[in-house]
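Reading through the structure tokens given below for one structure.
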Amino acid sequence: MAALRTKQLAAVLLDLTNGATEEESRKTVKEFAAYLAKKGLLKKAGKIMEEYATLYNTKHSVVDATVTLVARLDEKNRMDLREALKKKHDAREVHILEKVDQRLIGGMKIQIGDTVYDSSIQNSLNQLQAQLLK
Amino acid sequence: MTTKNTIIENLKKEIAHFKSDATTERIGTVLEVFDGIVRVSGLSNIKSSEMVTFPSGVTGVALNLEEESVGIIVLGDYSKIKEGDEVKATGKILEIGVGDALIGRVVDVLGAPIDGLGAVKATKTYPIERVASGVITRQSVDQPMQTGVKAIDALVPIGRGQRELIIGDRQTGKTAIAIDAILNQKGQNMICVYVSIGQKDSKLRKLETRLREGGAMDYTVIVSAGASDPAALAYIAPYAGVSIAEYFMDKGQDVLIVYDDLSKHAVAYREISLLLRRPPGREAYPGDVFYLHSRLLERACRRNKEYGGGSITALPIIETQAGDISAYIPTNVISITDGQIFLETDLFYKGIRPAINVGNSVSRVGGSAQIKGMKKVAGTLKLDLAQFRELEAFSQFGSDLDESTKAQLERGKRAVELLKQPQYSPVLVEHQIVALYALVKGYLDSIPVADIGRFQTELVEYAETNAKTFIKQIREKKMWEDDGEAELKQAIEDFKKVFAQ
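Shown next, in the form of structure tokens:
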């Protein structure tokens with residue numbers, strides 16, 4: 025049998041745990057891990073977990089957003105941002121991971137998957153530099 | 002003072018008008034870096050041969066789109082790229098800035114100047130990979146591209162829009178022929194593009210100086226990917242060169258492009274392909290190495306009037322190993338091009354320079370581009386040389402030869418002698434015709450072989466003043482008339498008397 029790819033394994037795991045109770049899932053995961061160990065695939069576990077997270081998110085329309093700012097968001101802004109992102113990405117849930125980076129100078133940068141929305145001052149300055157060089 | 006103020010005012014205005022927008026970008030993360038290749042995760046929806054930028058400002062091109070990652074070749078310094086670096090997709094297919102400002106400049110593969118003469122202001126951008134002109138826009142080759150090399154213009158003529166391969170071992174004068182061709186385009190309404198692939202910077206520098214001295218940089222662009230540059234640049238270089246050529250062709254101009262040389266280009270592509278883990282084939286070249294050159298050379302063409310009437314003549318150069326033209330790359334390129342000029346080491350060391358092997362060199366379409374006067378004299382010359390080669394082998398055995406054979410041998414020796422030509426001294430086509438006329442009509446038979454070179458140069462000078470009608474007729478009507486011919490005959494007779502003294 026050809027070796028299963030991480031993506032396929034993650035999909036199988038998602039199928040198995042779908043709609044299961046916590047007790048059942050725990051058991052499934054244990055069995056799954058045992059299977060991986062038997063097949064010598066345990067070194068791929070990290071990759072499979074990543075794949076699983078992406079698949080889970082797509083299935084349940086959950087969006088992971090990394091937001092970079094110069095200071096922490098307050099509660100109201102966070103709610104607004106979450107609502108805005110939910111609308112834009114047609115998602116049921118948005119997980120926000122906040123990061124602080126003084127190099128942005130101001131504004132913010134949001135990364136979802138491999139798409140980056142950048143409205144930081146740093147980015148504006150870079151744009152200005154590019155334009156002046158022309 | 003005022004200029005300083007205006008500059009400041011302008012800057013202020015620029016800044017006031019500047020509006021920054023929130024940008025949406027697609028990014029990826031560097032997984033691994035090795036030998037000019039970067040493997041990147043993320044970058045979903047990236048197109049093949051799309052440009053990406055690295056944090057150090059270096060550009061890359063996505064070549065391999067795989068399920069989990071993207072294989073990117075780096076066009077520049079890859080030593081500063083680290084694992085985990087953010088890679089930005091630009092959404093643009095690899096392109097080069099083109100414009101009239103490129104003329105007289107030496108640029109790298111992305112159009113940036115490397116001759117230290119300041120910025121090049123590009124007016125347009127052209128994609129580097131472009132589909133060649135279609136059938137509807139084309140026309141057959143019927144205009145000559147004079148190289149100024151007697152042996153080529155007479156025996157393997159090149160037409161505008163033709164692709165003529167220059168092939169031979171190292172040190173046989175391949176580049177010299179190309180340079181002579183460029184030097185000879187002065188005043189011919191031609192733009193020349195010289196693409197240097199994987200060559201020593203010292204050679205390029207020497208060549209540039211030579212072209213500048215000959216006044217050829219007034220109509221020449223040099224595109225260079227040096228020997229110390231990564232293979233990715235060498236791989237892109239000829240496509241960048243032909244994109245520049247296409248810009249001028251689209252303006253209706255005739256362009257001559259030299260690729261020096263395509264064997265190094267194939268080697269660079271082989272390196273990239275192997276690093277990208279594409280399966281190797283014959284001589285470890287990847288399977289698409291034929292397409293690599295065919296799509297490049299197909300972009301040489303001659304457009305018809307409705308499509309601007311420009312043309313691109315291509316002179317690709319291939320270096321063979323020990324005269325082996327049946328290796329993979331030489332056979333490929335021979336079959337793509339419209340003929341080849343075959344240079345040989347043996348001839349070179351015998352002192353026959355340019356060392357063109359007339360028997361193995363052909364021009365499949367150039368014949369119809371040759372001017373009428375040249376066709377007339379070259380037809381007989383070809384015959385003379387062919388018979389000479391046949392008889393030469395026999396004549397080694399003894400001296401008991403009949404008169405007509407002896408005459409043919411003598412004529413052949415003179416023909417070979419006449420076709421010798423030093424480097425960097427292209428000859429005008431009308432002068433070539435004068436010399437060849439004297440040969441094929443038998444006027445040279447009584448001149449000693451050793452004196453042929455001197456006789457020729459002096460005869461041309463003499464004819465310039467004493468056979469004006471003939472030369473004028475060639476220049477204007479491309480063919481002599483009876484009165485011109487009579488005049489030239491007289492001039493040659495007279496000159497022979499002067500020469501004998």
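Protein chains in written order, with my numbering: chain A, 25 to 158; chain B, 2 to 502.
Every residue gets a Cβ at the ideal spot worked out from N, C-alpha and C, and that includes glycine.
Legend entry - C-beta atoms of GLU488 of chain B and THR466 of chain B nearer than 7 Å: To locate residue 488 of chain B, count along the second sequence from 1; it is residue 487. To locate residue 466 of chain B, count along the second sequence from 1; it is residue 465. In this structure, THR466 of chain B does not lie closer than 7 Å to GLU488 of chain B by Cβ.
Inset, instruction - Can you give me, in chain order, the residues of the stretch 315-339 of chain B that have a beta carbon less than 9 Å from any beta carbon in chain E? - result: The chain labelled as chain E is not found among the protein chains of the depicted structure, namely A and B.
Inset, instruction - Taking 7 Å as the cut-off, decide whether the C-beta atoms of GLN424 of chain B and ALA177 of chain B are in contact. - result: Against the second sequence, residue 424 of chain B aligns to sequence position 423. Against the second sequence, residue 177 of chain B aligns to sequence position 176. Yes, they are a contact pair.
Inset, instruction - Check the Cβ-Cβ distances between GLU26 of chain B and every residue of chain A, and say whether any is below 7 Å. - result: By 1-based counting over the second sequence, the position of residue 26 of chain B is 25. It does: the Cβ of GLU26 of chain B has a partner Cβ on chain A nearer than 7 Å.
Inset, instruction - Answer with yes or no whether the minimum CB distance from LEU152 of chain A to chain B is below 7 Å. - result: Counted from its first residue, the first sequence places residue 152 of chain A at position 128. With 7 Å as the cut-off, LEU152 of chain A counts as an interface residue toward chain B.
Legend entry - Interface flag, HIS18 of chain B vs chain A, CB-CB below 7 Å: Here the question's residue 18 of chain B lines up with position 17 in the second sequence. No, its Cβ sits nowhere closer than 7 Å to a Cβ of chain A.
Legend entry - Alpha-carbon spacing of VAL334 of chain B relative to LYS383 of chain B, whole angstroms: For the purposes of this step, residue 334 of chain B is taken as the residue at position 333 of the second sequence. For the purposes of this step, residue 383 of chain B is taken as the residue at position 382 of the second sequence. Each residue's alpha carbon lies about 25 Å from the other.
Legend entry - Counterpart residues of THR90 of chain A in DSSP-defined beta bridges: Taking the first sequence and counting its residues from 1, the one referred to as residue 90 of chain A is at position 66. Answer by DSSP bridge pairing, in chain order: A:LEU121 and A:GLN135.
Inset, instruction - Find the residues of chain B that neighbour LEU156 of chain A, judging by a C-beta separation of less than 7 Å, and give them in chain order. - result: Translated into the one-based positions of the first sequence, residue 156 of chain A becomes position 132. The contacting residues are GLU15.
Inset, instruction - Tell me whether ARG354 of chain B is buried or exposed, calling it buried when 16 or more other Cβ atoms sit within 10 Å of its Cβ. - result: As a first step, residue 354 of chain B must be located in the second sequence, where it is residue number 353. Answer is buried; the Cβ neighbour count reaches 16.
Legend entry - Exposure label - ASP347 of chain B; buried when at least 16 CB within 10 Å: For the purposes of this step, residue 347 of chain B is identified with residue 346 of the second sequence, where counting begins at 1. Exposed is the call here.
Inset, instruction - Starting from GLY61 of chain B, find everything on chain A with Cβ-Cβ shorter than 7 Å and list it in chain order. - result: For the purposes of this step, residue 61 of chain B is taken as the residue at position 60 of the second sequence. None at all; the shortest Cβ gap to chain A is about 16 Å.
Inset, instruction - Kindly indicate the opening and closing residues of the alpha helix (DSSP H) around TYR236 of chain B. - result: As a working note, residue 236 of chain B is residue 235 in the second sequence. Segment 232-251, the alpha helix (DSSP H) holding TYR236 of chain B.
Legend entry - Span separating the alpha-carbon of ILE313 of chain B from that of LYS122 of chain B: In the second sequence, residue 313 of chain B corresponds to position 312, counting from 1. In the second sequence, residue 122 of chain B corresponds to position 121, counting from 1. Computed Cα separation, rounded: 23 Å.
Legend entry - Candidates B:GLU33, B:ASN190 and B:GLY160, of which the one nearest GLY253 of chain B by Cα: Here residue 253 of chain B corresponds to residue number 252 of the second sequence, with the count starting at 1. Comparing Cα-Cα distances from GLY253 of chain B to each of B:GLU33, B:ASN190 and B:GLY160, the minimum goes to B:ASN190.
Legend entry - 8 Å Cβ cut-off: residues of chain B touching SER148 of chain A: As a position in the first sequence, residue 148 of chain A is number 124, starting the count at 1. Those within 8 Å of SER148 of chain A in chain B are SER21.
Legend entry - Own chain partners of MET25 of chain A with C-beta closer than 8 Å, once the 5 adjacent residues on each side are dropped: Here the question's residue 25 of chain A lines up with position 1 in the first sequence. Only weak support is given to the placement of MET25 of chain A: the predicted model assigns it a pLDDT of 39, under 50, and the value that follows is read from those uncertain coordinates. Closer than 8 Å at Cβ, skipping near neighbours: no residue.
Legend entry - Closer than 8 Å at the beta carbon, the chain A residues around GLY43 of chain B: Sequence index remark: in the second sequence, residue 43 of chain B carries index 42 (1-based). Neighbours of GLY43 of chain B on chain A, chain order: GLY137 and ASP138.
Inset, instruction - Please list the segments of the beta strand (DSSP E) lying wholly inside the stretch 11-68 of chain B, counting only runs of 3 or more residues, in order along the chain. - result: 24-35, 38-43, 51-54 and 60-66
Inset, instruction - Output yes or no for whether 7 Å exceeds the beta carbon distance between TYR463 of chain B and PHE496 of chain B. - result: Here residue 463 of chain B is taken as the residue at index 462 of the second sequence, counted from 1. Here residue 496 of chain B is taken as the residue at index 495 of the second sequence, counted from 1. Closer than 7 Å, so yes.
Legend entry - Close beta carbons around LEU297 of chain B, own chain, < 7 Å, minus the five adjacent residues each side: Mapped onto the second sequence, residue 297 of chain B falls at position 296. Contacts found: PRO239, TYR240 and VAL243.
Inset, instruction - Put GLU299 of chain B into one of helix, strand or coil per three-state DSSP. - result: Numbered from its first residue, the second sequence carries residue 299 of chain B at position 298. Correct three-state label for GLU299 of chain B: coil.
Inset, instruction - Counting only the same chain and skipping the five closest in sequence on each side, list residues whose C-beta sits under 6 Å from that of GLU345 of chain B. - result: Residue mapping note: residue 345 of chain B aligns to position 344 of the second sequence, counting from 1. These residues qualify, in order along the chain: ALA356 and ASN358.
Inset, instruction - Would you mind stating whether GLN146 of chain A and LEU128 of chain A have Cβ atoms separated by less than 7 Å? - result: Against the first sequence, residue 146 of chain A aligns to sequence position 122. Against the first sequence, residue 128 of chain A aligns to sequence position 104. Yes, these two residues count as a Cβ contact at 7 Å.
Inset, instruction - Find the residues of chain B that neighbour TYR141 of chain A, judging by a C-beta separation of less than 7 Å, and give them in chain order. - result: Residue numbering aside, residue 141 of chain A sits at position 117 when the first sequence is read from its first letter. Going along chain B in sequence order, the residues near TYR141 of chain A (Cβ under 7 Å) are ALA23 and THR25.
Legend entry - Euclidean distance between Cα positions of LYS111 of chain A and VAL87 of chain A: Walking along the first sequence from the start, residue 111 of chain A turns up at place 87. Walking along the first sequence from the start, residue 87 of chain A turns up at place 63. Approximately 11 Å between the Cα atoms of the pair.
Inset, instruction - Please list the segments of the beta strand (DSSP E) lying wholly inside the stretch 324-401 of chain B, counting only runs of 3 or more residues, in order along the chain. - result: 340-344
Legend entry - Runs of beta strand (DSSP E) lying entirely within the stretch 116-141 of chain B, each at least 3 residues, in chain order: 125-128
Legend entry - Residue span of the alpha helix (DSSP H) that contains LYS83 of chain A, given as start and end: Reading the first sequence from its first residue, position 59 is the one you call residue 83 of chain A. First-last of the alpha helix (DSSP H) with LYS83 of chain A: 69-83.
Legend entry - Local Cβ density within 10 Å of THR41 of chain A, reported as buried at 16 or more and exposed below that: Taking the first residue of the first sequence as position 1, residue 41 of chain A is located at position 17. Buried: at least 16 other Cβ atoms inside 10 Å.
Legend entry - Terminal residues of the beta strand (DSSP E) in which MET191 of chain B lies: Position 190 of the second sequence, counting from 1, holds the residue named residue 191 of chain B. First-last of the beta strand (DSSP E) with MET191 of chain B: 191-200.
Inset, instruction - List the endpoints of the continuous beta strand (DSSP E) containing THR314 of chain B. - result: On the second sequence, residue 314 of chain B is found 313 positions in, with the first residue counted as 1. Element bounds for THR314 of chain B: 312-320.
Inset, instruction - Count the other C-beta atoms from every protein chain shown that fall within 10 angstroms of the C-beta of ALA235 of chain B, then say buried if there are 16 or more, exposed otherwise. - result: For this step, residue 235 of chain B is matched to residue 234 along the second sequence. It counts as buried.
Inset, instruction - Quickly, what does DSSP pair VAL140 of chain A with across the bridge? List them, please. - result: Taking the first sequence and counting its residues from 1, the one referred to as residue 140 of chain A is at position 116. A:GLN135 and B:GLU26.
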